[in-house]
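Following: one structure in structure tokens, then a few remarks.
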Amino acid sequence: DTAVSQTPKYLVTQMGNDKSIKCEQNLGHDTMYWYKQDSKKFLKIMFSYNNKELIINETVPNRFSPKSPDKAHLNLHINSLELGDSAVYFCASSQDRLADIYNEQFFGPGTRLTVL
Amino acid sequence: AQTVTQSQPEMSVQEAETVTLSCTYDTSESNYYLFWYKQPPSRQMILVIRQEAYKQQNATENRFSVNFQKAAKSFSLKISDSQLGDTAMYFCAFLRDKIIFGKGTRLHILP
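Protein chains in written order, with the numbering used here: chain A, 85 to 200; chain B, 419 to 529.
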């Protein structure tokens, strides 16, 4: 059984389009995250939700909007896609948001987004 | 602001050898946590080992161990008896209120 799943795994789209990436976790965790990994493999947090509440919102363009319908899902919607949005996007989840050594983050398989 | 630096972009070692990946970080906090993550070609991020800053004892997980030097803000990963399956990107990470990753070290294990 997949703990953290993302769909789609690959997404190729034209500049200017709007697209969504879905994430679901079946671990019963309270906190979910979105990360962006650029072409140089640099991994950086974008957002974090705890029980559907936004708790981390890094400096990302307003075109990126996370949506959490329930604590098991955290979707990422991107408007007006730009070339620079091309990256691998990782979803992750953890039991809670406390900075705890045992609050391990479980990562999804990633979604490779290519903007043409 | 906390930063994490991995000074070795890429390394190659022969199978069965021991390799050490370096990581330094900068923080004014005294309580925090450090991790090493592995990202193989499959892209999946996998937790390798974790260390609590208040523990002086270095963490060990089978062939993986760390050398944690709190005063020097250094957190290196040692892989003993390296195997072909250890080929991956390795990320050092710092956790206080949120997790911050280093830029990664690409490790090649050569047959």
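Every residue, glycine too, gets a C-beta built ideally from N, C-alpha and C.
Given a cut-off of 8 Å on the beta-carbon distance, is the pair B/Thr505 and B/Met429 in contact?
Within the second sequence, the letter at position 87 stands for residue 505 of chain B. Within the second sequence, the letter at position 11 stands for residue 429 of chain B. Cβ distance not < 8 Å, so B/Thr505 and B/Met429 don't count as in contact.
Is there at least one Cβ from chain B nearer than 8 Å to A/Leu165's Cβ?
The count along the first sequence starts at 1 and reaches residue 165 of chain A at position 81. Chain B, which has no Cβ nearer than 8 Å to the Cβ of A/Leu165, makes this no.
Can you look up A/Leu200 in the DSSP assignment and give me helix, strand or coil?
Within the first sequence, numbered from 1, the residue matching residue 200 of chain A stands at position 116. Coil.
According to DSSP, simplified to helix, strand and coil, what is B/Asp444?
Here residue 444 of chain B corresponds to residue number 26 of the second sequence, with the count starting at 1. Correct three-state label for B/Asp444: strand.
Under a Cβ-count criterion, where at least 16 other Cβ atoms within 10 Å of its own Cβ denotes burial, should A/Lys124 be classed as buried or exposed?
Position 40 of the first sequence, counting from 1, holds the residue named residue 124 of chain A. Under this definition A/Lys124 is an exposed residue.
Does A/Val144 get closer than 8 Å to chain B when you measure Cβ to Cβ?
Start at 1 with the first residue of the first sequence, and residue 144 of chain A comes out as number 60. So, not an interface residue.
A/Gly194 at chain B interface by Cβ criterion, 8 Å
By one-based count along the first sequence, residue 194 of chain A stands at place 110. Chain B contact via Cβ: present.
So which residues on chain A does B/Gly503 lean against when the C-beta distance must stay under 9 Å?
Taking the second sequence and counting its residues from 1, one reaches residue 503 of chain B at position 85. Ordered by position in chain A, no residue passes the 9 Å Cβ test against B/Gly503, which lies about 18 Å from the chain.
Beta-carbon proximity of B/Met507 to B/Gln457, cut-off 8 Å
If you number the second sequence from 1, residue 507 of chain B lands on position 89. If you number the second sequence from 1, residue 457 of chain B lands on position 39. It is a contact, given that the beta carbons lie within the stated cut-off.
Which residue from A/Gly168, A/Asn159 and A/Asn101 puts its Cα closest to that of A/Ser89?
Here residue 89 of chain A refers to the residue found at position 5 when the first sequence is read from its first residue. With distances taken between Cα atoms, A/Ser89 lies closest to A/Asn159.
Whose Cβ in chain A lies nearer than 7 Å to the Cβ of B/Met463?
As a first step, residue 463 of chain B is located in the second sequence; it is residue number 45 there, counting from the start. Under the 7 Å cutoff, chain A gives Phe174 and Phe191.
A/Phe148 versus chain B: which residues are under 7 Å apart at the beta carbon?
Position 64 of the first sequence, counted from the start, is the residue given in the question as residue 148 of chain A. Residues of chain B passing the Cβ test: none, with the nearest at roughly 17 Å.
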